[in-house]
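**Q** What follows is a single structure, and I will ask about it in a moment.
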Amino acid sequence: MHRSETLTSLLRIPAITRTHLLIAGGTIGVALLTALAANLRVPIPFSPVPVTMQTMVVLLGAATLGGTAGPLSQLLFIGLGTAGVTAFAGGALSGVTGGYLIGFVLAARIVGVVSDRYRNPLHVGLAMAAGSALLLLLGAVWLHLGLGLSTGEALTAGVLPFLPGDALKAVAAFAIWRAGIGGWRRITGDATK
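In terms of my numbering, the numbers along the sequence shown are unbroken and rise by one, the last being 1395.
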């Protein structure tokens, strides 16, 4: 073998390894985007929970990464926050947003599994709507149990103000997913499961 052939063979990365590296990079990227989206917050006067773009990142990341890497990205985000690295450092996991953070993982699992299994736009869109609703519901339950709000107060503070925005974020996540999923599948070899 010539020296150049040896260097070339050393630089080649097997397709399976490349795919796993891309998925790992995507998982880390979605966790970091979730942290970035947490910093883009708009406080609202009638709720202790701010409006962020995190829901869109969670839904889009899960539909793209699938049922394993999608929720792992959110667990990584929560782990980084618990360690004091990300936007919710300082107790947000135990504060008013804790239910939503748990909802990130569960919503990502639902959307990711549906995306893995069906790849049908209608199914993925419905899963995004269900994931968004679950996220809001868990947020309200957390407000009810953790802050002692009545059921009505928890729904008023934790669900109702977010419905229009979360619907728009789900539609945006779906549109971006539809536009980009073909490219992601080509790059990863459709091995996001």
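Don't be surprised by glycine CBs; every beta carbon is placed ideally from N, CA and C.
(1) Tell me, to the nearest whole angstrom, how far the beta carbon of H1346 is from that of A1332; I am working on the premise that it is less than 8 Å.
(2) With 7 Å as the threshold, decide whether the Cβ of W1344 is near any Cβ in chain B.
(3) Check whether the region 1318-1327 and the region 1296-1309 touch, using three or more Cβ-Cβ pairs below 8 Å as the test.
(4) Which residues does DSSP pair with V1148 in a beta bridge?
(5) With DSSP as the reference, identify every bridge partner of V1307, one or two as the case may be.
(6) So which of L1324, L1303, T1358, A1233 has the shortest CA-CA distance to L1336?
(7) Count the other CB atoms, across all protein chains shown, that sit within 10 Å of the CB of G1292; report buried if there are 16 or more and exposed otherwise.
(8) Would you report the Cα separation of L1365 and A1329, rounded to the nearest angstrom?
(9) Do the CB positions of L1261 and V1298 come within less than 7 Å of each other?
**A** Quick answer:
(1) At roughly 21 Å, the Cβ-Cβ gap does not stay under 8 Å, so H1346 and A1332 are not in contact.
(2) The structure shown contains no chain B; it is built from a single protein chain.
(3) When C-beta atoms of the region 1318-1327 are compared with those of the region 1296-1309, fewer than three pairs fall below 8 Å, so the two segments do not count as touching.
(4) This structure does not reach residue 1148, given that the chain is present from 1203 up to 1395, and the question cannot be answered.
(5) Note: V1307 sits in no beta bridge, so no partner.
(6) With distances taken between Cα atoms, L1336 lies closest to L1303.
(7) Low confidence applies here, because G1292 scores a pLDDT of 49, under 50, leaving its location unreliable; read the following figure in that light. The residue in question, G1292, is exposed, as its Cβ has fewer than 16 Cβ neighbours within 10 Å.
(8) Rounded to whole angstroms, L1365 to A1329 spans 16 Å at the Cα level.
(9) Not closer than 7 Å, so no.
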